[in-house]
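Numbering (this note's numbering), first residue to last: 1 to 205.
No residue lacks a Cβ here, since even glycine has one placed at the ideal position from N, Cα and C.
Keep in mind the model is a prediction, meaning the values are calculated, not measured.
Here is the structure we will look at.
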């Protein structure tokens, strides 16, 4: 039997904001600062989820404030992630998931030190796991791609819409959220171009 442990419930509330130097108060301050600096709401939500998970882990071990966190504590948390398993299918956390957890925590401690909430940054020398770059395992052949695109019934309005969506995703590499946000005026039929407004990183292209 594997020695890996299941993680704590990921979104257990921290919630205690009575301590201005406590985890939740400083997490809230950090998230507010991200919004002021025009970070996307998706980034803010992701940052909050990872930081709350870290805070729950700390509180379970009697650590009440970020000022109590040292590099050895962070290394213990890193080992905890390595030994944790996913809730959905009881598999070890991927190194990509471990990297995401730790990078958000490291960014938070950098902010804490920069804004004088802590005297030093305990995560400054924390070594993150290496994440490989992998190509897709399976790529559709031309015939397979054409078979998929032929599935919608283009005689039906919904089928025509679905075919247009699939063609756009396949030919442009546009993100799903970007495609969903398209307006009619973003399409220039004469120039055969498409204008993406406020895409990833809040950048137009």
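Return the chain-ordered list of same chain residues with a C-beta closer than 8 angstroms to the C-beta of residue i, the five sequence neighbours on each side being excluded.
i	result
residue 169	176, 179
residue 28	17
residue 200	175, 178
residue 202	38, 40
Looking at the unbroken alpha helix (DSSP H) that takes in residue i, where does it start and where does it end?
i	result
residue 36	23-36
residue 129	No alpha helix (DSSP H) contains residue 129, which DSSP labels as neither H nor E.
residue 147	142-149
residue 156	Neither: residue 156 is in no alpha helix (DSSP H) and is coded neither H nor E.
residue 50	41-60
residue 179	176-180
Considering only DSSP beta bridges, list what residue i is partnered with.
i	result
residue 85	92
residue 193	188
Between residue i and residue j, is the Cβ-Cβ spacing less than 8 angstroms?
i	j	result
residue 26	residue 117	yes
residue 106	residue 93	no
residue 113	residue 74	no
residue 101	residue 39	no
residue 52	residue 21	no
residue 47	residue 63	no
residue 57	residue 77	yes
residue 140	residue 131	no
Quick one: what's got a C-beta closer than 7 angstroms to residue i's C-beta in the same chain, skipping five residues either side?
i	result
residue 198	204
residue 1	Low per-residue confidence applies at residue 1: pLDDT is 43, beneath 50, and the placement is therefore not dependable enough to give any value.
So, for residue i: in the same chain, excluding its five sequence neighbours on each side, which residues have a beta-carbon less than 6 angstroms away from its beta-carbon?
i	result
residue 9	In this prediction, residue 9 scores a pLDDT of 42, lower than 50, which makes its location untrustworthy; no coordinate-derived value is stated.
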